[in-house]
Every structure is written in structure tokens, then in C-alpha cells.
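Count the sequence shown with my numbering and you get residues 20 to 608, in order.
Please read the structure below before turning to the comments.
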Amino acid sequence: MKRLLGILPILFAACAFADVSYTVTVDKEAKAVFVSLTFPAEDGNAAVQMPNWAPGSYVLSNPSGRVKEMTATSGGKDLDVEKPNANTWSVTDATADSVTFRYRLDQTFTDDRAHLTGPSTYCYAVGRIQEPCTVEFKVPDGWDAICGLEEPTRHRFAAPTYDVLADAPVSVGRLTTDSYTSHGVPHTIVYFGGDPEKVDRGAVVEMCQKISDYQGEFFGGLPFKKYVWHFRLIEAPDGGGGLEHLSSTTITLATGLGTGVQSVCVHEYFHAWNVKRIRSKVLGPFDYTVLPKTGALWWLEGVTDYYASLLPYRYGHLDKDFLYGSLVRNVDRTRANRQRMEVSPYDASYRVGEAAGGRGNSQGFGVNYYNTGWVLGLCLDLELRSRTEGRASLDDVVYALWEMCKDDQPGFEEDEIRKQLVRIGGAEMGAIYDKWVMQPGELPVEEQLAKVGLKLDAEEREFPVLGAVFGPASESSKGIPIESVTESSGSTVQAGDVLVGVGSQDFTEARGNRARGTATNAILGGAKVGDLVTVKVRRGDTVSDQKLAVTKETRTVRSVIEVQNPTERQLATRRAWFKGAAKTMPAGA
Numbered sequence: 020m021k022r023l024l025g026i027l028p029i030l031f032a033a034c035a036f037a038d039v040s041y042t043v044t045v046d047k048e049a050k051a052v053f054v055s056l057t058f059p060a061e062d063g064n065a066a067v068q069m070p071n072w073a074p075g076s077y078v079l080s081n082p083s084g085r086v087k088e089m090t091a092t093s094g095g096k097d098l099d100v101e102k103p104n105a106n107t108w109s110v111t112d113a114t115a116d117s118v119t120f121r122y123r124l125d126q127t128f129t130d131d132r133a134h135l136t137g138p139s140t141y142c143y144a145v146g147r148i149q150e151p152c153t154v155e156f157k158v159p160d161g162w163d164a165i166c167g168l169e170e171p172t173r174h175r176f177a178a179p180t181y182d183v184l185a186d187a188p189v190s191v192g193r194l195t196t197d198s199y200t201s202h203g204v205p206h207t208i209v210y211f212g213g214d215p216e217k218v219d220r221g222a223v224v225e226m227c228q229k230i231s232d233y234q235g236e237f238f239g240g241l242p243f244k245k246y247v248w249h250f251r252l253i254e255a256p257d258g259g260g261g262l263e264h265l266s267s268t269t270i271t272l273a274t275g276l277g278t279g280v281q282s283v284c285v286h287e288y289f290h291a292w293n294v295k296r297i298r299s300k301v302l303g304p305f306d307y308t309v310l311p312k313t314g315a316l317w318w319l320e321g322v323t324d325y326y327a328s329l330l331p332y333r334y335g336h337l338d339k340d341f342l343y344g345s346l347v348r349n350v351d352r353t354r355a356n357r358q359r360m361e362v363s364p365y366d367a368s369y370r371v372g373e374a375a376g377g378r379g380n381s382q383g384f385g386v387n388y389y390n391t392g393w394v395l396g397l398c399l400d401l402e403l404r405s406r407t408e409g410r411a412s413l414d415d416v417v418y419a420l421w422e423m424c425k426d427d428q429p430g431f432e433e434d435e436i437r438k439q440l441v442r443i444g445g446a447e448m449g450a451i452y453d454k455w456v457m458q459p460g461e462l463p464v465e466e467q468l469a470k471v472g473l474k475l476d477a478e479e480r481e482f483p484v485l486g487a488v489f490g491p492a493s494e495s496s497k498g499i500p501i502e503s504v505t506e507s508s509g510s511t512v513q514a515g516d517v518l519v520g521v522g523s524q525d526f527t528e529a530r531g532n533r534a535r536g537t538a539t540n541a542i543l544g545g546a547k548v549g550d551l552v553t554v555k556v557r558r559g560d561t562v563s564d565q566k567l568a569v570t571k572e573t574r575t576v577r578s579v580i581e582v583q584n585p586t587e588r589q590l591a592t593r594r595a596w597f598k599g600a601a602k603t604m605p606a607g608a
């Protein structure tokens, strides 16, 4: 194993530059996809690997465990395939100039649809990650294959490198789609999961169009030739999550289209610039064998989230209550974590691979770089605006990094954000960066808000909550276990019952902890304290309708309020913060 891995980089460094050709055959009856890749062999040697992790999700996974029936041929001859480690397959006896590896991946199809993610679908040719790739999809009659790559011919896509190929998820099947154009660029909305009849598709198009229009205006144009929104629908008033890609995104979309899921869509689209193009140098080209290390995830994720709150208000998409609510939530979540006093935002980013016993996570080491980065973005933005009397802002830092990274330029160095803050805001911004970003401690939110005539307030309020505690859903539970029930008048649900449905939602196939939140949202909906909500539960071998009471909980609620009699400078800074400044756009944008 050590010998093989040691010689492969040297061996393939001398290889001729050539295309790597993939074919993906989608077989619903076999519940599988069959993948082949063909590329040149050098002196009879060739190897393929499955990535150990997926960009955007900083977690070591085991997609290679999905690979079955790996074979290889060359010149019409079957070859002996060796497996030196868990995610590598190699041959040393190729008889022709090229070799073809073939393998099977089990695949779930729901309603004649499926969604394929690159890093868990495509093995890569070792030593040839930066060479052009093509992939052809063979699908059943009447099916389609849609992704964000260029499509020279129907269902055949081209990518300049494996990095780009793997970063373009594909929806296949009998797909429901909508489309629109923004800044001259065609956008496709594809529903690969859930029931498209349960969502207002016109409202989704309007939302996505609006996001594309104002983000394109903010950056002076769009950085791709086409874009695909891949949506998996869930029946819920709000909630969801997503993963960004160069020219597409994959999002779990709540059919209620609440402000939370709209913010997710803004966040993922903003990533087409910040993360996918404005990025640390280690975030492309990628080493798929180890997790990358960058101290800038607070910026790439957290500041992206900050703009996902600021831009919708600035451009009239969502209201001021949404912006202020986002501010409070992110401050509260940041300050609820005691480790903020021990772990800096930089270390939360740089050491993310040490989380979960060395497997990594997508939130941060000790401190969540999403909410911490949001608060940092706020503090840095208001500091720049105040120090420069409105002449500059965090927008200028974003634009400077964009100029540095656009058009396939290398990413930025670890100290580049600091350099840009100093260049734009003066030498004192260096010390501020060192304190707020590089050291643990409390971020001065109240002090920064005062610069725009705002402050945080708190009051006690009552909220409706479920009169039961749910456990995590699993394959064996076939629903969501009810671990305990609060004593309340009229509730007939019992501890030990299993929640299997609420209204039209079926939870028998639910998995993991997220299902608890989805079920809670479905039950509460517009319920009030004292209401009895009908839920479907399994008790022993019997499924029946039972009543679950909605009880109350008193919480301290914080809000943003505008101070009385603000100064002219406070008002001017606040107005500029809300409105932005088109004059800060880079020349020629």
C-alpha cells in the first residue's frame, strides 16, 4: 500500500494530458447506477480513488463503502484489480493505451426520481484530477438528467477538471422543472424529491428570480453560464438546509416557504461567489484524501450567512424584522456557547477536522463558525462604516476578495482578510482583527450597534411548546419515538408510543435527529397553548389517532430596538448600512 501510493504521484506526473470519460447508467429496476470511467494507462499502471470527503461538508465520510463489483478492462482484456486501501483500486497489467474501470452503486429511487452527488458517485483517476472530464448519462425512456455543467449534447456534460465535475450534482428521473433568466443567464428549478403539487411553484420561481437579480446586481453580474436549483421538498411551514456548488445548489425546501428557508436559498446562492470562487487557497484544487485546513470558515460560511440576512432587507426581499431577528438569533446562539471564551473564530475554522474524534463536522471546532461568523461580519461591517464615516464597509472587503479570486484565479492566503481590512479601514483594523478573530472572547455587539443607534432589549414571553419529548428516528423505530409526555389535560399520547404521522405527513421512513424538528414544526404550526393536536401514533401493533397537548414555556426574548433621539451620524451610518453603496463596486464590474 505505501509503495503504491508513494509511486503514483510520480508515475502520473509524466502522463499525457487527456480527457477522462465517464458513463453513468441509471437502472431503476436494479436499484442501482453503474459507473464507468476510461482514461489513459501509463506503462500498464492505473488507479482510481473515491473521495474521503465532500467539499462544503468538512466531514470524513466513507463513500467508498458504496462501491460494489469494481472491475477493470484494457484492450478487451479483464484485468486484476487490487485494493491497497479502503478507497483505492489499481491495476498494473493494462494491455492498451487506456483502461476502463466499472463499478456499481446502490441507489434509492422515489417516484421515478433520484439525486446523485459527485463525490459519492464518481471515482477519480489518480494523478488526473485536473484534466478535462466528460460524463454521459444513460437513463430510462422519458427520464431526464439535469445538472449545472455545460451540456454539449443531451445528457452528456463536460467539465474542465474532476473538481468541477464532482461539484455538479445531478437530478435524474421524471422531473418537474421551472425556469427563468437573470442577468442573461438561464436558471432551472428542478424538484427531485417530495411532491411539487404541495408547493406554490410560481412563488418559488419569484423567490429564486429575486435572489438571482439582486445578488447579480450586488456583484455586478453572475459568475456562471447556467444555474440549477435542485430542490427536495418537505411539507413544513419553514426549515431546511443546503449545500453549495459552482453553478448549482441542493436544498431541502419547506413547502411553506418561510423566511428561514428563503434565507437558506439566499445563503446558498451567495456561495457561488463566497466559498466557490472567493475562497482560501486550500479550497481548490482539492486533496480528497484529507480534510483541508483554513482559518477562514467563519468568513466563508458565517459572513455568507450575514449577507443572507442583510441583502434580502437591503433589496426589499424580506423586512427589517427578519434582519433584526437574524441578528438576535445569531448573537444568542453565539453567547450560549461557553467555549467562545476558549476557542477563537479562527481556531473554530482551522481545527474543524479535529471535531468528532477527528472525523470533522460542518459547524466548527468548539465554536459554531456560522453564527460566530455572522456576528463577526456585523461587528466588522459597523466598525468599518464608523471609522471611515461611511466611506467604506465590509462590502469593500468582499469586492476586493472577488477581484482577487474571480476568473479562476487562486484563492486568498490566510492573512488576506486582515490585509484588506487594514487597507480599507486603517492600521487599527489589524489589532481589531487580531482580537476579534484570532483570540477567544466576547464580541462587542452592543458597542457596535450603538454606532447605528440600535440596542438589544429583553423581555419575558410565553411560547407554545409540545407536551412531549421525541427521540431520534431510526430504521428500526419506523417513526419518531415519544420518550416522555408532559402531564396536561386531554393528551392521550403516551411515553413509548411512536409518532408515525401528522396530517398528510408520514414519518414512518424518517431518519435521524432532523425529523424531530420537522415533526415539531408540523404539530405546532399555528397551534396555541392549550390546543389538542391530532397525531397518528403506533402503540404496540396498533396505529391510531391520539391527542397531543400544546403547553407553554416562558423564555427571555431579546430584540433589537432603535434608540430615541439618535445622532445624525448614527442615522447616516444606519441608512448606509441598510442601503449599501453602489459606488464601492469594483471598476468595470
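Glycine is no exception: its CB is placed at the ideal position from the N, C-alpha and C atoms.
Here the structure is a predicted model, which is why all the values come from computation and not from measurement.
Rounded straight-line distance, which links the Cα of residue j to that of residue i
{"i": "Asn64", "j": "Arg132", "result": "38 Å"}
{"i": "Glu170", "j": "Tyr143", "result": "20 Å"}
{"i": "Gln358", "j": "Thr391", "result": "11 Å"}
{"i": "Asp257", "j": "Gly279", "result": "6 Å"}
{"i": "Lys295", "j": "Val556", "result": "44 Å"}
{"i": "Arg530", "j": "Ala477", "result": "37 Å"}
{"i": "Ser381", "j": "Val371", "result": "8 Å"}
{"i": "Pro364", "j": "Val309", "result": "22 Å"}
{"i": "Gln467", "j": "Glu402", "result": "7 Å"}
{"i": "Leu272", "j": "Gln228", "result": "16 Å"}
{"i": "Ile29", "j": "Phe176", "result": "Note that Ile29 scores 32 on pLDDT, short of 50, meaning its location in the model is unreliable; the coordinates nonetheless yield the value given after this. Cα to Cα, Ile29 sits roughly 30 Å from Phe176."}
{"i": "Val521", "j": "Leu543", "result": "10 Å"}
{"i": "Ala327", "j": "Arg298", "result": "17 Å"}
{"i": "Pro605", "j": "Phe58", "result": "Its pLDDT being 36, under 50, Pro605 is placed unreliably by the model, and the measurement read from it follows with that caveat. Distance between the alpha carbons of Pro605 and Phe58: 42 Å."}
{"i": "Val548", "j": "Val441", "result": "52 Å"}
{"i": "Val218", "j": "His134", "result": "19 Å"}
{"i": "Leu590", "j": "His264", "result": "38 Å"}
{"i": "Val224", "j": "Asp182", "result": "29 Å"}
{"i": "Val283", "j": "Glu101", "result": "43 Å"}
{"i": "Glu287", "j": "Phe237", "result": "15 Å"}
Cβ pair residue i, residue j closer than 7 Å
{"i": "Ser83", "j": "Ala113", "result": "no"}
{"i": "Gln565", "j": "Val519", "result": "no"}
{"i": "Ala202", "j": "Leu241", "result": "Going by the sequence as given, residue 202 is His instead of Ala. Contact flag set, yes."}
{"i": "Asp324", "j": "Tyr389", "result": "yes"}
{"i": "Ser503", "j": "Val488", "result": "yes"}
{"i": "Val350", "j": "Lys474", "result": "no"}
{"i": "Val471", "j": "Thr561", "result": "no"}
{"i": "Gln68", "j": "Thr107", "result": "yes"}
{"i": "Val189", "j": "Ala164", "result": "yes"}
{"i": "Ala419", "j": "Gly486", "result": "no"}
{"i": "Val579", "j": "Leu346", "result": "yes"}
{"i": "Thr274", "j": "Leu252", "result": "yes"}
{"i": "Trp393", "j": "Gly321", "result": "yes"}
N- and C-terminal bounds of the alpha helix (DSSP H) containing residue i
{"i": "Gln228", "result": "220 to 238"}
{"i": "Leu241", "result": "Element bounds for Leu241: n/a, residue is neither H nor E."}
{"i": "Val464", "result": "464 to 469"}
{"i": "Met448", "result": "447 to 455"}
{"i": "Cys424", "result": "413 to 424"}
{"i": "Ala367", "result": "364 to 369"}
{"i": "Ile443", "result": "435 to 444"}
{"i": "Arg348", "result": "339 to 354"}
{"i": "Arg298", "result": "Where Arg298 is concerned, there is no enclosing alpha helix (DSSP H), given that its DSSP letter is neither H nor E."}
Beta-bridge partners of residue i, as assigned by DSSP
{"i": "Ala315", "result": "According to DSSP, Ala315 bridges with nothing at all."}
{"i": "Arg558", "result": "Thr561"}
{"i": "Phe250", "result": "Tyr210, Ile270"}
{"i": "Asp476", "result": "Ser578"}
{"i": "Val517", "result": "Pro500, Arg557"}
{"i": "Val52", "result": "Val45, Leu124"}
{"i": "Leu551", "result": "Ala568"}
{"i": "His134", "result": "Ser190"}
{"i": "Trp108", "result": "Val67"}
{"i": "Thr92", "result": "Asp97, Thr119"}
{"i": "Ala492", "result": "Gly531"}
Residue span of the beta strand (DSSP E) that contains residue i, given as start and end
{"i": "Gln610", "result": "Not covered by the structure: residue 610. The range shown for the chain is 20 to 608."}
{"i": "Arg577", "result": "561 to 581"}
{"i": "Glu169", "result": "169 to 172"}
{"i": "Tyr41", "result": "39 to 46"}
{"i": "Ser694", "result": "Residue 694 is absent from the model: the chain starts at 20 and stops at 608."}
{"i": "Gly259", "result": "259 to 263"}
{"i": "Phe156", "result": "152 to 157"}
**Asked** Three or more beta-carbon pairs under 8 Å between the segment 146 to 162 and the segment 241 to 250, yes or no?
**Response** With the cut-off at 8 Å, the segment 146 to 162 and the segment 241 to 250 do not touch.
**Prompt:** When the Cβ atoms of the segment 493 to 508 are set against those of the segment 590 to 600, are three or more pairs found closer than 8 Å?
**Reply:** no
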